[in-house]
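Right, one structure below, let's go through it.
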Amino acid sequence: MRVLLIAGGWSKERQVSLNGAAQIKEALKNLGHEVLFLDLSPDYQELVNKAREADAAIINLHGAPGEDGSVQGVLEDVGLPYQGSGVRGSFLALNKALSKQFYSNHGLKTPRGGLYYPQGLLHRIPPPVICKPNLGGSSLDMQIFYSQEEVNSFLDQADSKHEILVEELINGLEVSCAVLDNEPLPPILIQPVKGNFFDYRSKYDPDGAIEICPAPISQEASRRIQEMSLKAHRILGLRHYSRSDFMLDQQDNIYILETNTLPGMTRTSLVPKAAEQAGIGFTDLIARLLSLALNSNQPR
């Protein structure tokens, strides 16, 4: 089978995407497939041309474009099956402020927060707060502030073209939980080593974080996190797989932070790690995702 592997792009997460794509490519070749690699560019005609040569696609893009539904829309238009969520679910999940509203609509506890825009905060949240790009991923450009003066200074210098989500800071344990084919995988406890939280350095620097799977938390907390991860997956209209991130505070309150529709896919990334704990090796995971793509109706 000819599989179009789409990676790279022009977001700040380009290198993360390419690193994962190299390992996905190896797995696809081990499965006996011919790999057509595309480093996505703003010339979408190149994507269309490549898509017309392939039997299926594996998307390994992070941030926009890719996680915003744009690439998915092009692939649907030319009739090429792909793994992961469709246009609507991709857009909803990438937009953190919007997905938080969906969580709240359906009874999932999420930190209080609001968008910053040039005229001021949509909802003023007293410090300590965490500021993050509303449409970004890989924990890039996330910062914690403990005073209103720090927040104001940061927002005054922020690029007004980019939406910033300002959230209350939840102290506690960071836990991530993936869903694969409508089944939650074992949660993973994340203990940052090179930062105060699971930021870009903690995620991608060697020994940047300790990741324990299954998470050494109570069975009840683990069960609730799995239930919340699956519920988030469903209410956002996602398919095949996703990964949601949570905070577990000292009173065992669980807060959902965000849901990722194209989670990292190196062999040591969180979803492959959880899948391995569930008895699914990396190559088998790629085979499973490809099979889901081929056997699913295209979302519209």
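Residue numbers (the working numbering): 104 to 403.
The beta carbon of each residue, even a glycine, is placed where N, CA and C say it ideally should be.
Bear in mind that the values here come from a model prediction, so they are computed numbers and not experimental data.
For Val296, the number of other beta carbons within 10 angstroms of its own is below 16, and it is reported as exposed. Per DSSP, the beta-bridge partners of Asp348 are Ser279 and Glu361. With the rule of 3 Cβ pairs closer than 8 Å, the region 130-143 counts as touching the region 384-401.
With distances taken between CA atoms, Glu314 lies nearest to Pro289 out of Glu361, Pro289, Glu330 and Ser394. When secondary structure is reduced to three states using DSSP, Pro319 falls in the coil class, being assigned neither helix nor strand.
Gly189 sits buried, since 16 or more C-beta atoms from the chains shown fall within 10 Å of its C-beta.
Taking C-beta atoms as the reference points, Pro229 and Ser250 fail to come closer than 7 Å. Listed as beta-bridge partners of Gly111 by DSSP are Leu143. Per DSSP, Val296 lies in no alpha helix (DSSP H) segment and is marked neither H nor E. Setting aside the 5 residues that flank it on each side, His343 is surrounded in the same chain by Gln186, Gly187, Ser188, Leu283, Asp284, Leu392, Leu395, Ala396 and Ser399, each with a C-beta closer than 8 Å to its C-beta; the list follows chain order.
Ranked by Cα distance from Gln354, the first of Gly382, Glu323 and Ser120 is Glu323. Counting other Cβ atoms within 10 Å of its Cβ, Arg105 stays below 16 and is therefore classed as exposed.
In this structure, Lys199 sits away from Leu141, with a CB-CB distance that is not shorter than 7 Å.
When Cβ pairs closer than 8 Å are counted between the two stretches, the region 109-118 is seen to touch the region 161-179, the count reaching three or more. Rounded to whole angstroms, Gly340 and Tyr147 show a C-alpha spacing of 26 Å.
Per DSSP, the beta-bridge partners of Gln246 are Cys234.
When DSSP states are grouped into helix, strand and coil, Glu379 belongs to the helix group. In this structure, Leu107 sits near Leu139, with a CB-CB distance shorter than 7 Å.
Counting the other CB atoms within 10 Å of its CB gives Gly192 a total of 16 or more, which places it among the buried residues. The C-beta of Arg326 has fewer than 16 other C-beta atoms within 10 Å across all chains shown, which makes the residue exposed. With respect to the 7 Å criterion, Ile233 and Leu272 are classified as neighbours on the basis of their beta carbons. When DSSP reads this structure, Ile313 sits in a beta bridge with Gln294. The criterion of a C-beta distance shorter than 7 Å is satisfied by Ile338 and Phe205.
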